[in-house]
Amino acid sequence: MNYNIIKSFALAAFCVTAISCNSDKKTESTETQGEKKIGVTIMAATSKDVEQTDVFTGTVEGFNTNNISPQSPGRIERIFVEVGDHVGRGQKLAQMEATNLTQAKLQMENNLLEFERTKQLYDIGGASQSEYDTRKMAYEVSKTTYENLSSNTYLISPISGVVTARNYDAGDMYSGAQPLYTVEQIRPVKIKVNMPESLYGKIKKGQSVKVTLDVYGDEIFEGKVYLVYPSLTAASRTFPVEVTIANGNERVRPGMFARVTFSRGFEHNIVVPDVSVVKQMGSGDHYVYTVVDDKVVFNKVKLGKLSGTEYEIKSGLNEGDMVIVEGQNRVVNGQQVNAKEGAPASFTPDNLVEKTK
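Just so you know, we're using the numbering used here here: the sequence shown kicks off at 2 and counts up by one.
In structure tokens:
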């Protein structure tokens with residue numbers, strides 16, 4: 002056989018072999034790429050009735066606070082109650098030096114005696130109208146003086162409450178720099194919060210609210226809106242609202258830090274597991290990744306309330322969208338994935354449907 006013919010046959014056989022090998026490599030590469038599809042876990046987005054709430058902070062105050070002091074400086078003779086004592090309305094708290102009171106009482110009694118004598122004479126024509134009027138006025142003036150000194154000699158509590166401050170001791174000279182006592186009414190207590198202009202008209206007197214106190218953790222105390230101020234603060238565009246807690250057991254005390262939750266009713270919105278929400282680095286944007294026809298789609302969303310392990314979605318998703326709940330940190334927009342349905346291990350959906358009674 003001719004050498005050139007043999008060479009041609011050998012070259013043809015080599016080409017066929019090379020093409021076959023190249024085809025096998027392409028097939029193998031395609032299969033490998035298919036095997037390298039990232040696996041993700043997906044869940045269908047659902048919708049529920051979600052309570053719309055706003056939370057504001059404030060400090061607990063006594064419902065009424067009275068700073069009690071004598072009208073004029075003087076020596077404190079006796080102290081009857083201490084800080085922390087419960088006092089009733091009209092109860093004596095302290096006694097000031099009574100010298101002036103004693104003198105005023107004697108003057109009043111003497112003027113009363115003179116007035117009664119003049120009255121007897123006046124009734125039988127033995128005294129003039131002018132004398133009668135003079136004695137009567139002298140008695141009434143001395144009586145007023147005595148009553149005024151009496152109320153400032155014996156300091157009386159005008160409310161029922163708890164003594165929260167005592168700034169002087171028995172024997173001290175009261176100078177007027179500080180009140181002698183502070184008494185606060187703590188049944189009920191109140192919390193003042195400042196609310197934004199956007200909520201004006203949505204908060205009503207008598208509305209129920211929920212209050213938590215840092216000292217008691219997640220324990221909820223029931224409160225009510227007691228007062229909605231009729232005007233806004235121009236500088237901050239806020240308006241004050243006062244909330245009261247009945248506080249029958251007196252566990253809530255003035256000075257405690259409080260969080261007050263106001264409810265604006267319920268809205269039917271989409272909810273997804275919190276782990277499915279991804280925050281974009283360097284911005285305040287949030288995304289939820291979904292799978293459509295085995296491809297990843299990035300959805301920019303507006304978040305609502307976080308309750309337990311579920312986020313409320315205000316916009317950006319539809320009910321039934323297949324949301325990636327595991328593996329979203331390993332995918333890019335438009336990427337092909339292998340998706341399986343399931344739920345993250347930490348997911349424990351709250352019952353957001355049940356409304357507060």
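C-beta: ideal position from N, C-alpha, C; glycine also. Please read these numbers as outputs of a predicted model, since none were measured by experiment.
With 16 other CB atoms within 10 Å as the buried threshold, where does residue i fall?
| i | result |
| --- | --- |
| residue 191 | buried |
| residue 124 | exposed |
| residue 162 | buried |
| residue 154 | buried |
| residue 242 | buried |
| residue 138 | exposed |
| residue 56 | exposed |
| residue 334 | exposed |
| residue 340 | buried |
| residue 104 | exposed |
| residue 147 | buried |
| residue 185 | buried |
| residue 121 | exposed |
| residue 129 | exposed |
| residue 343 | exposed |
| residue 292 | buried |
| residue 284 | exposed |
| residue 216 | exposed |
What does a CB cutoff of less than 7 angstroms around residue i pick up in its chain, not counting 5 residues either side in sequence?
| i | result |
| --- | --- |
| residue 189 | 64, 245, 246, 247, 248 |
| residue 81 | 93, 94, 95 |
| residue 275 | 307, 310, 311, 312 |
| residue 87 | 163 |
| residue 203 | 265 |
| residue 169 | 77, 175, 181 |
| residue 74 | 174, 175, 176, 177 |
For residue i, which residues of its own chain have a beta-carbon under 6 angstroms away from its beta-carbon, when the five flanking residues on both sides are left out?
| i | result |
| --- | --- |
| residue 68 | 180, 183 |
| residue 70 | 180, 181 |
| residue 347 | none |
| residue 194 | 57, 59, 242, 261 |
| residue 230 | 240, 241 |
| residue 62 | 191, 255 |
| residue 66 | 185 |
Since residue i sits in a beta bridge, which residues does DSSP pair it with?
| i | result |
| --- | --- |
| residue 52 | 267 |
| residue 96 | 79, 155 |
| residue 202 | The partner list for residue 202 (beta bridge, DSSP) is empty, contrary to what the question assumes. |
| residue 40 | 339 |
| residue 260 | 58, 213 |
| residue 197 | 239 |
| residue 228 | 243 |
| residue 360 | This structure cannot settle anything about residue 360, because the visible part of the chain is limited to 2 through 358. |
| residue 222 | 212 |
| residue 313 | 272 |
| residue 185 | 66, 163 |
What number of angstroms, rounded off, separates the C-alpha of residue i from the C-alpha of residue j?
| i | j | result |
| --- | --- | --- |
| residue 263 | residue 209 | 8 angstroms |
| residue 91 | residue 174 | 24 angstroms |
| residue 142 | residue 97 | 22 angstroms |
| residue 101 | residue 72 | 13 angstroms |
| residue 336 | residue 324 | 15 angstroms |
| residue 39 | residue 226 | 54 angstroms |
| residue 267 | residue 251 | 33 angstroms |
| residue 287 | residue 305 | 11 angstroms |
| residue 331 | residue 255 | 51 angstroms |
| residue 131 | residue 140 | 14 angstroms |
| residue 349 | residue 44 | 13 angstroms |
| residue 345 | residue 289 | 15 angstroms |
| residue 282 | residue 299 | 15 angstroms |
| residue 167 | residue 152 | 19 angstroms |
| residue 136 | residue 115 | 7 angstroms |
| residue 53 | residue 172 | 58 angstroms |
| residue 150 | residue 187 | 30 angstroms |
| residue 214 | residue 327 | 36 angstroms |
| residue 199 | residue 237 | 12 angstroms |
| residue 41 | residue 316 | 23 angstroms |
| residue 134 | residue 110 | 17 angstroms |
| residue 107 | residue 84 | 35 angstroms |
| residue 119 | residue 228 | 56 angstroms |
| residue 37 | residue 211 | 52 angstroms |
| residue 112 | residue 79 | 30 angstroms |
| residue 218 | residue 99 | 50 angstroms |
| residue 338 | residue 297 | 7 angstroms |
| residue 145 | residue 117 | 18 angstroms |
| residue 280 | residue 165 | 48 angstroms |
Given residue i, which residues of its chain have a CB within under 8 angstroms of its CB, disregarding the five upstream and five downstream residues?
| i | result |
| --- | --- |
| residue 19 | Note that residue 19 has pLDDT 48, beneath the 50 cutoff, so the model's placement of it is unreliable and no number is given. |
| residue 201 | 233, 240 |
| residue 89 | 158, 161 |
| residue 314 | 46, 270, 271, 272, 273, 289, 302, 303, 304, 305 |
| residue 156 | 69, 70, 71, 93, 94, 95, 96, 97, 181, 182 |
| residue 278 | 287, 288, 289, 302, 304, 312 |
Should residue i be listed as close to the ligand MG, given that the test is whether its C-beta is under 7 angstroms from any heavy atom?
| i | result |
| --- | --- |
| residue 156 | Of the ligands one can find in the structure shown there are none, so the ligand MG has no counterpart to examine. |
Looking at C-beta atoms only, is the number of pairs between the segment 253-268 and the segment 215-232 that lie closer than 8 angstroms three or more?
yes
Using 8 angstroms as the cut-off, can you tell me whether the segment 41-59 makes contact with the segment 310-324, which would need three or more C-beta pairs spanning the two stretches below that distance?
yes
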